[in-house]
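One structure below.
Number of protein chains: 2
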Amino acid sequence: MILLKNISYLDIEEEKIKENMDILIEDNLIKKIGKDIKSNRAEVIDGRERLAVPAYTNGHTHLGMTMMRNLADDLDLDTWLNKKIWPVEDKLTDEDIYWASMLSIVENIKSGVSTVYDMYYSMDRVSEAVIESGTRGVLTRGMMDISGGGDERIDELMELYKNYNNAGNGRVKIVPAPHSIYTCSTEYLKKLINIAESFDGVINIHLSETKKEVSDCLKEHLMTPAMYLDSIGMLDLKVIAAHCVHLTDEEINLISKKDVFPIYNPSSNLKLGSGFAPIDKMIKSNIKIGIGTDGSSSNNNQDLVEEMHIGSIVNKAVTLDPNAVPAIEILKMATVNGGALTGFNNGVIRENALADIAIYDLNSIGFTPKNNLISALCYSSNSNYILDLIVDGKIVMKNREVLTLDEEKIKVKVRELTEKLLNR
Amino acid sequence: MILLKNISYLDIEEEKIKENMDILIEDNLIKKIGKDIKSNRAEVIDGRERLAVPAYTNGHTHLGMTMMRNLADDLDLDTWLNKKIWPVEDKLTDEDIYWASMLSIVENIKSGVSTVYDMYYSMDRVSEAVIESGTRGVLTRGMMDISGGGDERIDELMELYKNYNNAGNGRVKIVPAPHSIYTCSTEYLKKLINIAESFDGVINIHLSETKKEVSDCLKEHLMTPAMYLDSIGMLDLKVIAAHCVHLTDEEINLISKKDVFPIYNPSSNLKLGSGFAPIDKMIKSNIKIGIGTDGSSSNNNQDLVEEMHIGSIVNKAVTLDPNAVPAIEILKMATVNGGALTGFNNGVIRENALADIAIYDLNSIGFTPKNNLISALCYSSNSNYILDLIVDGKIVMKNREVLTLDEEKIKVKVRELTEKLLNR
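These protein sequence lines are chains A and B, in that order. So the number in the numbering used here is just where the residue sits in the first sequence, counting from 1, plus 7. So the number in the numbering used here is just where the residue sits in the second sequence, counting from 1, plus 7.
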């Protein structure tokens, strides 16, 4: 049991900060929120000069790509993927992916993230890493069949689902993930839709990331990417659709009527020169959007706090409207929408929600003076202002030290393994 | 004397990282760079797992605006300035500006900044703050005459120049700064040009920040803003021109032939919905650009490291070209161009340059693995990776603790004074 005493917290549903409250955590749940809560058994955390926010959901990443961080910058997605990333990826071992994921998880924890939506391979090892770390993951095996091997990947996925879905006290979920429309045949996509239906009705895909993807799709299928996916029945599932940079108005209208969560990856979309996702339009169409960092090879970090900042302000310049995508909308993407898209009962500080909470130091420079804490979270914070992270009712980071994983050992391992990888 | 032993450093002129070098600092200069430098008298700093970069220049800010941080967000420049900021500014005291500037300086130091280019008022108190902090400043009194008071401001400026130019062991310079073309009459601008000539031939102004500024200027002067300034002779001075968001191709061509330094303020331009400055075009026209945070009321932080990251990647999406504004170009803006635009002999790690050096921890997550340190500085770093800052040969920050100023006391003061200010 943990008792956060006299703390301010972000009530994301009411869109306001509540001051000087007590929050009691029992087992893995937020048991009670109120004034003057007493408990003899609870570990008490002094909440004065602290701000509790729902721990963040990183809605799209590739934890296992850390070894390619800063390896191939200033390149377009096509060149970056085909010439630089995929040749190195071909040489990655299970062990590499395990340690790379461990480092990414540390980085996510240090930016207040309790939950990642991760697409990659060797996902059994990624599952182990997530379980060890005490955090949550919706872990999706990236699937493709254009260069063969499609069926083997399906076998792997079935095994993964059997062994890891709901593992780690329910902290791990397994979801099928066709990598993209340009790496999967229509037949294969249909197979994966069927498998997703037989699992939990959820599917994950990269969608409409680049102009090239859209024009190739138009050529091949005579439809834009979301329309094509709808035509083969995918949009009748719950779809977690990463990027969505080049959605047309017609597609925005379509997905606003479906259970589709676009995931906004501003840093990656900017850095790869993919373009500006129509976030303002999507919000105004009442689409629930998530936000993610993407992998460290295209971001090049896993800092969701910086992602929120960039994600907000860029849209104001795109629309020439400083009211576009205000702080509170970005905070929703990382919190309550995160809970909705993963299906974990988190992303809110509310009684009976999962106890996933990030605690900021209000004595930080970015919170000085304390004019508007919601603005501060988006516009003047950085991840180093987050002192503690509670996930599933347990303290995973205390005073910026990750308690569940050995950060120093992981960094040494990643350096050693990267050197071996690049010399293989 | 300080000896940095076995350190990696960024040679910004050769655009590469040099490894395992010794750097000897004597008085306020970099005395010697080489291998196996010995000194009995020097304080030795172990440079293994460290990266030295030229300390950054924040090319445009308003240190004194910290109390308006997070006070008025999600508003356009015009509303923000006229309805929110100026009414509060009217009530600011000298004391407020002094303490607000102190906090901004702490924040600048903590993101590796040795030198600020600051435009505001009560600049005698800002000068005192800069001198106390051990950092450098080109301090410019924001001048306007549209609501009267123009001559009084000139008297103040003359006094300021007399008392503070070259103060603090040469760490302070005073430069005249007409606030903008929309707050100064043509006659007043001409007066200030004459004064700038009688000082050191340098002038500072906000230029072409919003579309409104451009269209108003076209209406009034039948010219775009830079053409108008050229027509009255200002561009024959050395001009530090903040923002330059809406420069036309004709203006870019003009300033490429002049001694004009546009200052890029990406966060502020994005957040206020001002637009995207044509950075890629300016670089390709061989214009030397600086980079700045702008004030904490529009940014809302003073984090130059984040500014570099945002400043680079945004341009790749604007141009749909991931090669646009690569890491090294952004690093030049913050370092060698910074030295050129302030006229301080810093911004480079080179023998006989001023000893202004920021030291990064290479054991940080964003530098793991160490694939490309120049990429890492721009794309995966954050300011918390900067451990130490040396300015003018003295250690101003050690292991993230600012030695010259009392951070805790300053934060308390700023909170107290802000409360009084907003209740006045």
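We put the CB at the ideal spot given by N, CA and C, even for glycine.
Any chain A beta carbon closer than 8 Å to residue i
i: leucine 82(B); result: yes
i: lysine 448(B); result: The structure shown does not extend to residue 448(B), since chain B spans only 8 to 431, so no value can be given for it.
i: methionine 109(B); result: no
i: isoleucine 317(B); result: yes
i: valine 321(B); result: yes
i: glycine 282(B); result: yes
i: glutamate 194(B); result: no
i: threonine 255(B); result: no
i: serine 129(B); result: no
i: alanine 383(B); result: yes
i: alanine 136(B); result: no
i: threonine 122(B); result: no
Proximity test, Cβ basis, 8 Å: residue i and chain B
i: lysine 377(A); result: yes
i: asparagine 27(A); result: no
i: asparagine 176(A); result: no
i: tyrosine 386(A); result: yes
i: threonine 142(A); result: no
i: glutamate 313(A); result: yes
i: asparagine 430(A); result: no
i: asparagine 13(A); result: no
i: asparagine 389(A); result: yes
Sequence-distant residues of its chain with Cβ nearer than 7 Å to residue i (five each side left out)
i: valine 113(A); result: Val409, Leu412, Glu414, Ile417
i: leucine 84(B); result: Glu216, Thr217, Leu279, Ser281
i: tryptophan 106(A); result: Ile417, Lys420, Val421, Leu424
i: lysine 219(B); result: Asp85
i: aspartate 237(B); result: Leu261
i: leucine 110(A); result: Thr73, Ile417, Lys418, Val421
Residues near residue i by beta carbon distance below 6 Å, same chain, minus five either side
i: alanine 365(B); result: Val60, Ala62, Gly119, Ile393, Leu396
i: methionine 72(B); result: Gly302, Ser303, Ser304
i: isoleucine 52(B); result: Leu11
i: methionine 241(A); result: Ile200
i: asparagine 322(B); result: Ile286, Asp287, Ala331, Val332
i: glycine 157(A); result: Tyr195
Beta-carbon gap between residue i and residue j smaller than 8 Å
i: tyrosine 124(A); j: isoleucine 188(A); result: no
i: methionine 74(A); j: aspartate 103(A); result: yes
i: valine 182(B); j: threonine 147(B); result: yes
i: alanine 347(A); j: asparagine 353(A); result: no
i: proline 269(B); j: isoleucine 294(B); result: yes
i: alanine 341(B); j: leucine 311(B); result: yes
i: glycine 175(B); j: valine 137(B); result: yes
i: glycine 400(B); j: alanine 362(B); result: yes
i: alanine 184(B); j: isoleucine 212(B); result: yes
i: asparagine 272(A); j: histidine 69(A); result: no
i: alanine 324(A); j: asparagine 276(B); result: yes
i: isoleucine 290(B); j: methionine 315(B); result: no
i: arginine 57(B); j: isoleucine 24(B); result: no
i: valine 221(B); j: proline 232(B); result: yes
i: lysine 90(A); j: leucine 78(A); result: no
Cβ-based neighbour list, residue i, same chain, cut-off 8 Å, excluding 5 preceding and 5 following
i: leucine 244(A); result: Ile200, Ala203, Glu204, Gly208, Val209, Ile210, Asp266
i: serine 46(A); result: Met8, Leu10, Leu31
i: asparagine 260(A); result: Ser292
i: glycine 41(B); result: Met28, Asp29
i: glutamate 20(B); result: Val343, Val355, Arg357
i: glutamate 26(A); result: Ser15
The ligand GTP heavy atom lying under 7 Å from the CB of residue i
i: methionine 340(A); result: Judged by which ligands are present, the structure shown has none, so any question about the ligand GTP falls away.
Restricting to runs no shorter than 3 residues, where is the beta strand (DSSP E) found entirely within the stretch 125-181 of chain A?
Runs of the beta strand (DSSP E) lying entirely within the stretch 125-181 of chain A and spanning at least 3 residues, in chain order: 143-150.
Any C-beta of chain B within less than 8 Å: which residues of the stretch 361-376 of chain A qualify?
Listed by position, the residues of the stretch 361-376 of chain A near chain B (Cβ gap below 8 Å) are Asn370, Ile372, Gly373, Thr375, Pro376.
Under 8 Å (Cβ pairs) to chain B, residues found in the stretch 327-344 of chain A
Residues passing the 8 Å Cβ filter: Leu327, Asp328, Pro329, Asn330, Ala331, Pro333, Ala334.
What are the complete alpha helix (DSSP H) segments, minimum 4 residues, inside the stretch 314-388 of chain A?
As far as the stretch 314-388 of chain A is concerned, its whole alpha helix (DSSP H) runs of at least 4 residues are 334-341, 343-349.
Write down every uninterrupted run of the beta strand (DSSP E) in the stretch 9-90 of chain B whose length is 3 residues or greater and which is fully enclosed by it, in chain order.
Listed in chain order, the complete beta strand (DSSP E) runs (minimum 3 residues) inside the stretch 9-90 of chain B are 9-18, 23-33, 36-41, 50-53, 57-61, 63-68.
Could you name the residues of the stretch 299-311 of chain B whose beta carbon sits closer than 9 Å to any beta carbon of chain A, in the order they occur along the chain?
Those residues of the stretch 299-311 of chain B that come within reach of chain A (Cβ to Cβ, closer than 9 Å) are Ser303, Asn306, Asn307, Asn308, Gln309, Asp310.
What residues in the stretch 392-423 of chain A have a beta carbon less than 7 Å from any beta carbon of chain B?
Under the 7 Å Cβ criterion, the stretch 392-423 of chain A contributes Lys418, Val421, Arg422.
Residues of the stretch 46-80 of chain B with Cβ closer than 9 Å to any Cβ of chain A, in chain order
Residues Thr73, Met74, Met75, Arg76, Asn77, Leu78, Ala79, Asp80.
Kindly provide the ranges of any beta strand (DSSP E) runs that are 3 or more residues long and lie completely inside the stretch 182-237 of chain B, ordered along the chain.
Here the runs fully enclosed are 209-214.
Listed in chain order, which residues of the stretch 94-120 of chain A have Cβ atoms closer than 8 Å to some Cβ of chain B?
Listed in sequence order: Leu110, Val113, Glu114, Lys117.
Chain B contacts made by the stretch 195-228 of chain A, where a contact means CB separation under 7 Å
None of the residues of the stretch 195-228 of chain A has a beta carbon lying less than 7 Å from any beta carbon of chain B.
Of the residues that make up the stretch 241-275 of chain A, which ones have a beta carbon closer than 7 Å to any beta carbon in chain B?
For the stretch 241-275 of chain A, which is checked against every Cβ of chain B, the residues closer than 7 Å are Ser274.
Complete beta strand (DSSP E) runs within the stretch 248-286 of chain A (minimum length 3 residues, chain order):
Taking only runs of at least 3 residues, the beta strand (DSSP E) segments lying wholly in the stretch 248-286 of chain A are 267-271.
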